[in-house]
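For the sequence shown, our numbering begins at 86 and goes up steadily by one.
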Amino acid sequence: MKNIVILGATGSIGLNTLDVIARHPDKYRTLAISAHSNWKGLNELCKKHKPKYAILVEEEAAENLRNISPKGVEVLSGESALDNIASHDEADFVMAAIVGGAGMSSTFSAAMAGKRIMLANKESLVLGGALLMNAVKKSGAEIIPVDSEHSAIFQCLQAGKDGLNKIQLTASGGPFLNRPFESLNTVTPEEACKHPNWKMGQKISVDSATMMNKGLEVIEASFLFNLPASQIEVVVHPQSIVHSCVYYDDGSVLSQLGLPDMRSAISYALSFPERHSSGVKPLDLTKQPPLEFFPPDLKKYKCLEIAYLAIKKGGGAPGTLNAANEVAVDAFLKNKIGFLDISKIIERTLNETPGQNLDTLASVVENDQLSRQLALSLISKND
Ligand code: NAD
Ligand code: MG
Numbered sequence: 086m087k088n089i090v091i092l093g094a095t096g097s098i099g100l101n102t103l104d105v106i107a108r109h110p111d112k113y114r115t116l117a118i119s120a121h122s123n124w125k126g127l128n129e130l131c132k133k134h135k136p137k138y139a140i141l142v143e144e145e146a147a148e149n150l151r152n153i154s155p156k157g158v159e160v161l162s163g164e165s166a167l168d169n170i171a172s173h174d175e176a177d178f179v180m181a182a183i184v185g186g187a188g189m190s191s192t193f194s195a196a197m198a199g200k201r202i203m204l205a206n207k208e209s210l211v212l213g214g215a216l217l218m219n220a221v222k223k224s225g226a227e228i229i230p231v232d233s234e235h236s237a238i239f240q241c242l243q244a245g246k247d248g249l250n251k252i253q254l255t256a257s258g259g260p261f262l263n264r265p266f267e268s269l270n271t272v273t274p275e276e277a278c279k280h281p282n283w284k285m286g287q288k289i290s291v292d293s294a295t296m297m298n299k300g301l302e303v304i305e306a307s308f309l310f311n312l313p314a315s316q317i318e319v320v321v322h323p324q325s326i327v328h329s330c331v332y333y334d335d336g337s338v339l340s341q342l343g344l345p346d347m348r349s350a351i352s353y354a355l356s357f358p359e360r361h362s363s364g365v366k367p368l369d370l371t372k373q374p375p376l377e378f379f380p381p382d383l384k385k386y387k388c389l390e391i392a393y394l395a396i397k398k399g400g401g402a403p404g405t406l407n408a409a410n411e412v413a414v415d416a417f418l419k420n421k422i423g424f425l426d427i428s429k430i431i432e433r434t435l436n437e438t439p440g441q442n443l444d445t446l447a448s449v450v451e452n453d454q455l456s457r458q459l460a461l462s463l464i465s466k467n468d
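Here you go:
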């Protein structure tokens with residue numbers, strides 16, 4: 086029996102994780118669930134999944150939950166409670182599914198405590214990739230990727246890295262794949278959040294529309310699989326059936342396929358190295374539309390190009406990219422800037438930040454904060 090901690094339980098990945106876990110009560114027990122401030126949502130999950138601990142970052146929300154939570158659930162609060170539960174003695178696996186840089190601290194906590202990290206929070210690797218991978222190595226923790234592309238590559242790489250030529254991340258192209266670049270300035274947040282294939286949280290949906298999601302994923306892959314950007318390629322595949330590919334020197338290409346449902350990757354992260362059912366419908370290739378593949382248009386998906394530049398710049402540049410992106414996406418969702426301003430804000434923040442080396446967690450956090458401030462000031466000048 087494995088005890089599971091689900092950080093970001095009320096989100097899209099969190100709910101899918103609880104769904105898979107509930108299918109295997111003989112294998113998993115929900116030890117703890119967390120949310121930022123959604124105490125009503127977390128209470129519903131407490132009633133259904135009966136965790137030992139429920140954590141809310143906001144104190145007031147935690148107080149509200151304490152008043153109504155079912156018996157036997159201990160309600161904890163604050164950011165430090167996330168770190169503590171991620172490294173808790175009783176925890177075996179930690180699902181890192183908080184959105185954004187806010188998920189980094191608890192991911193590090195799980196890494197230092199030697200846990201299995203089921204990593205959905207790609208931002209942890211983008212912010213502090215080298216430090217995180219070192220922490221994992223030192224403690225004997227393991228990272229099993231949950232991002233569907235990285236899960237696919239991780240699954241293919243079980244065949245070994247010998248003779249590896251390159252990896253190729255597939256990208257759906259998001260909701261604006263067939264929309265002309267010139268028309269994108271009038272895009273609304275609602276349109277940007279309407280992903281054609283995947284049901285996801287708001288932030289990652291906008292990242293998909295700008296393709297910054299793929300940019301973050303290239304950085305994520307470079308740390309996870311220890312590969313330079315030159316060996317990581319992106320291909321647009323609108324049907325989201327081929328989840329990614331691994332190319333070998335002998336001409337062989339391995340890939341993992343499946344319907345676009347995150348429960349496959351979540352299930353694999355839980356059961357690895359074995360497999361079990363996840364609730365995902367079987368893929369019938371004879372019933373799929375033709376599978377298409379083409380190179381991304383970098384004029385339209387400027388964010389992808391900027392992400393490659395950030396990797397080249399190195400040091401704190403990927404962290405700055407992530408911080409500026411979070412600030413810009415938030416401003417876009419609040420109708421403060423246009424869709425095409427997102428890439429402009431990120432580019433300017435990167436240009437105005439020195440890409441110094443970050444060798445401590447404190448310097449990663451400082452770089453993140455300074456980059457956020459700079460991006461915010463650029464947005465207010467934009468008004
Ligand atoms: P979501 O917005 O649906 O849920 C986010 C969760 O994080 C919620 O439980 C929320 O309460 C919590 N949260 C938000 N801000 C927080 C804060 N400051 N402190 C603590 N908790 C906070 O997001 P999601 O779509 O489930 O994505 C979660 C992560 O998984 C992201 O890093 C995303 O990039 C990654 N991911 C998601 C998908 C997907 O299909 N949704 C696919 C691949 C990777
Ligand atoms: Mg992905």
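Every residue, glycine too, gets a C-beta built ideally from N, C-alpha and C.
Exposure of residue i, with buried meaning 16 or more beta-carbon neighbours within 10 Å
| i | result |
| --- | --- |
| A306 | buried |
| S68 | Absent from the structure is residue 68, since the part of the chain shown begins at 86 and ends at 468. |
| D292 | buried |
| R201 | buried |
| G336 | exposed |
| K372 | exposed |
| H280 | buried |
| F308 | buried |
| S465 | exposed |
| G361 | For clarity, residue 361 is His in the given sequence; the question names Gly instead. H361 should be labelled exposed. |
| S349 | buried |
C-beta atoms of residue i and residue j nearer than 9 Å
| i | j | result |
| --- | --- | --- |
| L446 | G213 | yes |
| I183 | L92 | yes |
| C241 | Q341 | yes |
| F178 | I89 | yes |
| M297 | N101 | no |
| V105 | K135 | no |
| R457 | V412 | yes |
| N123 | A146 | yes |
| K387 | E432 | yes |
| A244 | A195 | no |
| L370 | K398 | no |
| T255 | V327 | yes |
| Q253 | V331 | yes |
| K385 | F261 | yes |
| A408 | A460 | yes |
| V365 | S356 | no |
| L394 | P381 | no |
| H109 | E143 | no |
| L406 | Q287 | no |
| E283 | S257 | The sequence given here places Trp at residue 283; Glu does not occur at that position. Closer than 9 Å, so yes. |
| A392 | V338 | no |
Opposing strand residues paired with residue i [DSSP bridges]
| i | result |
| --- | --- |
| P230 | L204 |
| F357 | DSSP, once it has assigned bridges, lists no residue as partnering F357. |
| R114 | N88 |
| M180 | I91 and M203 |
| F379 | V321 |
| Q341 | S329 |
| Q253 | E318 and C330 |
| S190 | Note: S190 sits in no beta bridge, so no partner. |
| L141 | A120 and S162 |
Cutoff 9 Å: residue i Cβ touching any chain D Cβ
| i | result |
| --- | --- |
| S356 | No chain D appears in this structure, which consists of one protein chain only. |
(request) Just jot down, in chain order, the residues whose CB lies closer than 6 Å to any heavy atom of the ligand MG. (result) D232, S233, E234 and E302
(message) Would the stretch 193 to 206 count as touching the stretch 219 to 237 if we require 3 or more Cβ pairs under 8 Å?
(response) Under the 8 Å Cβ criterion, the stretch 193 to 206 counts as touching the stretch 219 to 237, having at least three qualifying pairs.
(message) Check whether the stretch 210 to 224 and the stretch 157 to 165 are in contact - that is, three or more C-beta pairs closer than 8 Å.
(response) no
(message) Using 8 Å as the cut-off, can you tell me whether the stretch 422 to 431 makes contact with the stretch 263 to 283, which would need three or more C-beta pairs spanning the two stretches below that distance?
(response) Under the 8 Å Cβ criterion, the stretch 422 to 431 counts as touching the stretch 263 to 283, having at least three qualifying pairs.
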